[in-house]
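Sequence positions in the sequence shown follow the numbering used here and run 187 to 586. Glycine residues also receive a C-beta, built at the ideal position from the N, C-alpha and C atoms. All values derive from a computational prediction rather than experimental measurement.
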Amino acid sequence: MFLTTPSLQLDPLWQLSADYAADPRSARLNLIIGVYRDENGDCPTMPSVRVAEGRLVERAPSKEYIGLSGNLEFNSAMTQLILGDEELVSRATTVQTVAGTGALRLLAELMSATGPHRTVYLGTPAYVNHPAILRAARLNVVEYPVSRNGTIDAEAVLRVANSARAGDLILLQGCCHNPTGLSMPGWLWDELADVMARKGVIPFIDQAYFGLGDGLEEDLEGMRRMLRVVPEAIIAVSASKAWGLYSERTGCAIVITRDGAQGDYARGVMEFVARADYSQPPAHGALVVAEILNDRALRAQWRAELEQMRSRLTHLRNELADELIALPNGDAFAGLREQRGMFLRLPFDSAQMDALREQYGTYGIPSGRLSLAGVPASRIPELATAIASVGARVDMATSR
187 MFLTTPSLQL
197 DPLWQLSADY
207 AADPRSARLN
217 LIIGVYRDEN
227 GDCPTMPSVR
237 VAEGRLVERA
247 PSKEYIGLSG
257 NLEFNSAMTQ
267 LILGDEELVS
277 RATTVQTVAG
287 TGALRLLAEL
297 MSATGPHRTV
307 YLGTPAYVNH
317 PAILRAARLN
327 VVEYPVSRNG
337 TIDAEAVLRV
347 ANSARAGDLI
357 LLQGCCHNPT
367 GLSMPGWLWD
377 ELADVMARKG
387 VIPFIDQAYF
397 GLGDGLEEDL
407 EGMRRMLRVV
417 PEAIIAVSAS
427 KAWGLYSERT
437 GCAIVITRDG
447 AQGDYARGVM
457 EFVARADYSQ
467 PPAHGALVVA
477 EILNDRALRA
487 QWRAELEQMR
497 SRLTHLRNEL
507 ADELIALPNG
517 DAFAGLREQR
527 GMFLRLPFDS
537 AQMDALREQY
547 GTYGIPSGRL
557 SLAGVPASRI
567 PELATAIASV
577 GARVDMATSR
């Protein structure tokens, strides 16, 4: 049976990761996966997370099932953190999920169940897993260009919103867009909210990198402004990046509705889908996050640690931009300073990214994305030289 079944195309990130592991070069750089690493290349556990885990060990919480909606204290604390507004919180229904990916799929299934053949507009380049998740939930995916000349293409985004029908969705990344590193300005969130509210178009917001762009509150503010205007919205939230809980698979799905009855219906659908899919989410990561957010001192410690991570990423980005701009052909990289978060996107095509990998052992993904969080500061000059060299060689070849 399996020999006659068509093979499926796997996510290229995991094939690239396997290629990296097999590469014998000791100086190779793994800038593929979005994982925060320190100067030694390690993925550290945040000190606040260690404190929370220590408390949990002492209390020895039960390993009993936690229910289809997950940890209720976690859900409440995350809803307060993400929405930051009591009126919005009062309209929110939250379910714990298997990380941000699980939230995306659960919400996509909710939208599919409530509106067969519903269309979702997806800006490209997109997070590599977005199309697969949306199509797996039987949504009709329509792609449009989200960026132009190194900035968010506001005209394209607004054009899509104006052409969408009532009940359609637009998937928006809350901040630090993956893979471009761009964040929508406040005025665009406002204009987009007005159009979507008038047209009955539903925001589908992916919040994965909050706190790593311009600051925790700043990264959430654009989305919050939109939510105060639109009557309905769905939000997928990941705890992987802001708490470093990558392997714990911790996240939540938030549904903003007009009233409590609609919220109850949304919860029922999500619990039904969850029961048939994974039944109940893992407990540990949610316990950790709830412990941190519900303790004033520990919450303050976590926010300070998150700010340190953000500051380091900003410093690495600016250092790399400075190095590149100082080199021949460096003007092409001036836009890197405008990007935010864990990633940066080079103005490279897949052939240039292949050359960067094959000639210099620097692994990124074909769209031009590099995980800035994986670069030791000591290797910034070396990385800049490799990038500039590949860019110059292609420019010379094109000019012949």
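For residue 430, the CB contacts under 8 Å within the same chain, skipping 5 residues up- and downstream, are 222, 229, 230, 231, 232, 235 in chain order. In the three-state reduction of the DSSP assignment, residue 256 falls in the coil class.
Residue 434 holds the alpha-carbon nearest to the alpha-carbon of residue 473 among 463, 434, 506, 465. Look at the beta carbons and you see the stretch 256–266 not touching the stretch 289–309: under three pairs across the two are nearer than 8 Å.
Boundaries of the beta strand (DSSP E) around residue 419: 419–424.
Considering only 560, 305, 571, 375, the residue with the shortest C-alpha distance to residue 351 is 305.
For the 8 Å CB-CB criterion, residue 453 and residue 279 form a contact. Distances from the alpha-carbon of residue 423 to those of 540, 220, 393 put 393 closest. DSSP places residue 216 within a strand segment (E or B) once states are collapsed to three. Setting aside the 5 residues that flank it on each side, residue 377 is surrounded in the same chain by 344, each with a C-beta closer than 7 Å to its C-beta; the list follows chain order.
Distance between residue 384 and residue 347, taken at the CA atoms: about 10 Å. Residue 477 sits buried, since 16 or more C-beta atoms from the chains shown fall within 10 Å of its C-beta.
Non-local C-beta neighbours of residue 562 in its own chain, meaning closer than 7 Å and more than five positions away in sequence, comprise 225, 227, ordered along the chain.
Residue nearest to residue 529 within the set 313, 206, 271 is 313 (criterion: CA-CA distance).
The bridge partners DSSP lists for residue 334 are 337.
With respect to the 8 Å criterion, residue 308 and residue 302 are not classified as neighbours on the basis of their beta carbons. Distance between residue 535 and residue 555, taken at the CA atoms: about 10 Å. For the pair residue 510 and residue 516, the Cα-to-Cα distance works out to about 5 Å. Three or more Cβ pairs closer than 8 Å define a contact, and the stretch 459–475 meets that threshold against the stretch 250–257.
If you keep only unbroken alpha helix (DSSP H) runs of at least 4 residues inside the stretch 505–579, you get 536–546.
In the structure shown, the three-state DSSP call for residue 395 is coil.
Taking the C-beta atoms as reference points, residue 217 is found nearer than 8 Å to residue 550. Annotation: residue 246 to residue 238 spans about 12 Å, alpha carbon to alpha carbon. The alpha-carbon of residue 401 is positioned some 17 Å away from that of residue 426.
An exposed status is given to residue 450, since fewer than 16 other beta-carbon atoms sit within 10 Å of its beta-carbon.
Note on geometry: alpha-carbon atoms of residue 438 and residue 513 lie some 44 Å from one another.
Under the DSSP definition of a beta bridge, residue 278 partners with 442. Here residue 448 carries a helix assignment [DSSP, helix/strand/coil]. DSSP lists 308 as the beta-bridge partner residues of residue 329. For residue 407, the closest alpha carbon among the candidates 258, 270, 212, 420 is that of 270.
The residue from 485, 532, 357 with its alpha-carbon nearest to that of residue 409 is 357. For the options 508, 494, 532, 539, the alpha carbon positioned closest to that of residue 364 is the one of 532. Looking at the backbone, the Cα of residue 420 and that of residue 388 are separated by about 8 Å.
In the structure shown, residue 466 adopts coil according to DSSP, grouped into three states. Following the DSSP letters along the chain, one finds residue 413 inside the alpha helix (DSSP H) bounded by residues 402–413. Under the criterion of beta carbons closer than 8 Å, residue 542 and residue 502 do not qualify as touching, at roughly 17 Å.
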